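Residues 1 to 277 (UniProt numbering) make up the sequence shown, in order. In what follows, a single structure is set out as structure tokens and then discussed.
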Amino acid sequence: MTTDASDAVEMRNALLRLRRGTGLPIAFGGLLEAGQQMRISELSGTATHALRSLVVTSGTGLGGKTVALSRPCVVTDYSASRQISHEYDAPVAVEGLRSVLAVPVVVRHRVRGVLYGALRTALPLGGRMLDAAVEAARDLERALAVRDEARTLVAGAGPGWEQVREAHAALRALAGRITDPELRAELLGACALLTAESAESAGSAAESGGSARVRLAPREVDVLACVAAGATNAVAADRLGVTPETVKGYLRSAMRKLRARTRGEAVVAARRAGWLP
Numbered sequence: 001m002t003t004d005a006s007d008a009v010e011m012r013n014a015l016l017r018l019r020r021g022t023g024l025p026i027a028f029g030g031l032l033e034a035g036q037q038m039r040i041s042e043l044s045g046t047a048t049h050a051l052r053s054l055v056v057t058s059g060t061g062l063g064g065k066t067v068a069l070s071r072p073c074v075v076t077d078y079s080a081s082r083q084i085s086h087e088y089d090a091p092v093a094v095e096g097l098r099s100v101l102a103v104p105v106v107v108r109h110r111v112r113g114v115l116y117g118a119l120r121t122a123l124p125l126g127g128r129m130l131d132a133a134v135e136a137a138r139d140l141e142r143a144l145a146v147r148d149e150a151r152t153l154v155a156g157a158g159p160g161w162e163q164v165r166e167a168h169a170a171l172r173a174l175a176g177r178i179t180d181p182e183l184r185a186e187l188l189g190a191c192a193l194l195t196a197e198s199a200e201s202a203g204s205a206a207e208s209g210g211s212a213r214v215r216l217a218p219r220e221v222d223v224l225a226c227v228a229a230g231a232t233n234a235v236a237a238d239r240l241g242v243t244p245e246t247v248k249g250y251l252r253s254a255m256r257k258l259r260a261r262t263r264g265e266a267v268v269a270a271r272r273a274g275w276l277p
């Protein structure tokens, strides 16, 4: 599996979250490619490019051990550790790393990548640091799972509207996690293509004397897209990275604007207005 631009953005965001959560000044990581090899593709806080594009094989070094065991691994002094093999000592030494932790990124029971955090001094990395690193990995796992779902739905979508609606909901949820404005705009553009037919229908209704198109906020559309795909408030919250109460708030606001009394009525009204496929 190759790493595309969207995956790279998600990886960079995860590394920033890891650094903020752990307080570690250095973070890097990558996703698995063919077989059991991982290529370190993103660096954050490093002083050199010694680790960039380094290919790590399952079972070798700290990251390879993490891939093989599918669990976090830590060393206090990388070059002197007897817990790992030492195929990658040279680039680690160039960067000057001593204490290093590695956590796996696991999607659907399969290791998809590794996040690393590091210090240039040999100090124990405590449990809180490891917990924060694991949480950053979990965020990346959720983002990759949503992307996988969107790719599958788009690739396999036939003429059935249910598949189109699932793809639309997944793409909007993904767009909300993307910080790169150009990439986010491209994803929202893909969403607009899926709603094109509904928008045309809404335009015809307006020309026939229907009311003007209701204005919905982006997050209101995101929530309605999840609801239209059959998601509960809790599932929608997980997909969108917000709380269930926030989902309820956006849903209430959208229902008020659409003059709908129920979730189902809101979805129907949003489709008629061209916001949903």
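Every residue, glycine too, gets a C-beta built ideally from N, C-alpha and C. Note that the structure is predicted; figures quoted are calculated from it, not measured.
Task: One or two residues paired with G29 in a DSSP bridge - done: Answer is E42 and L115, bridged to G29.
Open item on the list: Using C-beta distances below 7 Å, list every residue in its chain close to G113, excluding the 5 sequence neighbours before and after it, in chain order.
Closed with: When the five nearest sequence neighbours on each side are left out, the beta carbons in the same chain lying within less than 7 Å of the beta carbon of G113 are those of G29, G30, L31, L32, M38 and V105, in order along the chain.
Open item on the list: On the criterion of 16 or more Cβ atoms from any shown chain inside 10 Å, does S41 qualify as buried, or is it exposed?
Closed with: Looking at its Cβ environment, which holds 16 or more other Cβ atoms inside 10 Å, S41 is buried.
- [ ] Use the C-beta contact count for G230: other C-beta atoms within 10 angstroms, 16 or more gives buried, fewer gives exposed.
- [x] In the assembly as shown, G230 is an exposed residue. Its beta-carbon has fewer than 16 other beta-carbons within 10 Å.
Open item on the list: Suppose contacts are defined by Cβ-Cβ distances below 9 Å. Is E87 in contact with T57 by that definition?
Closed with: The Cβ atoms of E87 and T57 sit closer than 9 Å to each other.
Open item on the list: Quick check on A269: does DSSP put it in helix, strand or coil?
Closed with: A269 carries a helical assignment under DSSP once its states are collapsed to helix, strand and coil.
- [ ] Use the C-beta contact count for H109: other C-beta atoms within 10 angstroms, 16 or more gives buried, fewer gives exposed.
- [x] Exposed, since its Cβ has fewer than 16 Cβ neighbours within 10 Å.
TODO: Below 6 Å CB to CB, which residues in the same chain sit around V247 once its five sequence neighbours on both sides are set aside?
DONE: Closer than 6 Å at Cβ, skipping near neighbours: V223, N233, A236 and A237.
- [ ] Evaluate T262 with the Cβ neighbour count: other Cβ atoms within 10 Å of its Cβ, from every protein chain shown; 16 or more gives buried, anything less gives exposed.
- [x] T262 should be labelled exposed.
TODO: Please determine if the region 41-55 and the region 72-86 are in contact, where contact requires at least 3 C-beta pairs separated by less than 8 Å.
DONE: In short, these stretches do not touch, since the Cβ pair count stays below three.
Task: Span of the beta strand (DSSP E) around A102 - done: Counting along the chain, the beta strand (DSSP E) containing A102 begins and ends at V100 to V107.
Task: Whether L62 touches Y116 by CB criterion (9 Å) - done: Yes, the Cβ-Cβ distance between L62 and Y116 is below 9 Å.
Open item on the list: With distance defined between alpha-carbon atoms, name the residue in T46, E135, E265 and R98 nearest to A122.
Closed with: Distances from the alpha-carbon of A122 to those of T46, E135, E265 and R98 put R98 closest.
Task: Simplified DSSP assignment, three categories, for R110 - done: Strand at R110.
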